[in-house]
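K.L.:
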Amino acid sequence: METDEKIYDRFLSERSEEDLRILLERYRAPLTFFLFGYVHNMEDAEELMMDSFAEVAAGRTIFSGRSSFRTWLFAVARNKARMHLRKRRIETVSIDHLQVPIDHLLQAANPADNPEEIFLQDEQSVQLHRAMMQLEPEAQHALHLIYFEDMSYDELAHILGKSRRQTYRLAERYRSQLKKIIESEAR
0 METDEKIYDR FLSERSEEDL RILLERYRAP LTFFLFGYVH NMEDAEELMM
50 DSFAEVAAGR TIFSGRSSFR TWLFAVARNK ARMHLRKRRI ETVSIDHLQV
100 PIDHLLQAAN PADNPEEIFL QDEQSVQLHR AMMQLEPEAQ HALHLIYFED
150 MSYDELAHIL GKSRRQTYRL AERYRSQLKK IIESEAR
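Residue 142 in numbering that gives the first Met the number 0 is what sits at position 143 of the sequence shown, and the numbering runs on without skipping anything.
#1: For Asp3 versus Arg85, is the C-beta spacing smaller than 9 angstroms?
#2: Does DSSP put Ser162 in a helix, in a strand, or in coil?
#3: Does the beta-carbon distance from Phe33 to Met41 come in below 9 angstroms?
#4: Quick check: what's the CA-CA separation for Gln165 versus Leu30?
#5: What does the Cβ neighbour count give for Lys5, buried or exposed, with the cut at 16 atoms within 10 Å?
#6: Let me check understanding here. Comparing Cα to Cα, which of Leu159, Leu47, Leu72 lies closest to Arg140?
#7: Closer than 8 angstroms is the cut-off here; do at least three beta carbon pairs connect the stretch 42-58 with the stretch 70-84?
#8: Which word fits Met0, buried or exposed, when buried means at least 16 other C-beta atoms lie within 10 angstroms of its C-beta?
#9: Under 8 angstroms, with one C-beta from each stretch per pair, do the stretch 130-145 and the stretch 11-19 reach the 3-pair mark?
#10: Do Glu148 and Phe73 have their beta-carbon atoms positioned less than 9 angstroms apart in this structure?
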């Protein structure tokens, strides 16, 4: 399978819509789900996902190769979400309100159309996700990238704009907090 970096380079040089379509298919669901964690609204998440791809396709943000394409794309999307939240001045939503959109998310899409939906239908994944919702937003985003997107600490550090050491310490603290939540729910 061709790497994302090669596909993106070819897209930039040839402006091949097929190459952009391939990248969009690979990242549509995980990127939308990641953005949903920031904006807590599926329509906004889908719009931000498309805005992120539009920015990447237009070349307004340049891929330097200092990270993987995937890491860079998630960082672009994260910046889009932050700008969106700043514009709308949305404050963090309480935990009780978050569980409704998650339940809605689990029922909303046809699992055949969305690999994230298939993954979340697994009961343990749903429990993990619900436990994560009790953490602060930065912890939710970091653990989502670790558990659901299988990102390394280097990739996570790049997306969060922190050093690898800071990222490792944060992730360990977040994992410890998550473990306590899961253990308390099991009692």
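The beta carbon of each residue, even a glycine, is placed where N, CA and C say it ideally should be.
Just so we're clear, the structure is a prediction, and the values are computed from it rather than from any experiment.
P.N.:
Judging by the given coordinates:
#1: Cβ distance not < 9 angstroms, so Asp3 and Arg85 don't count as in contact.
#2: Coil at Ser162, not helix or strand.
#3: No, they are not a contact pair.
#4: Rounded to the nearest whole angstrom, the C-alpha separation of Gln165 and Leu30 is 24 angstroms.
#5: Counting of Cβ neighbours within 10 angstroms places Lys5 among the exposed residues, the total staying below 16.
#6: First, the residue type needs correcting, since residue 140 is His and not Arg in the sequence shown. Comparing Cα-Cα distances from His140 to each of Leu159, Leu47, Leu72, the minimum goes to Leu159.
#7: Contact holds between the stretch 42-58 and the stretch 70-84, because three or more Cβ pairs, one in each stretch, are under 8 angstroms apart.
#8: exposed
#9: As far as the Cβ criterion goes, the stretch 130-145 does not touch the stretch 11-19, which means the pair count is below three.
#10: Their beta carbons are under 9 angstroms apart, which means Phe73 touches Glu148 by this criterion.
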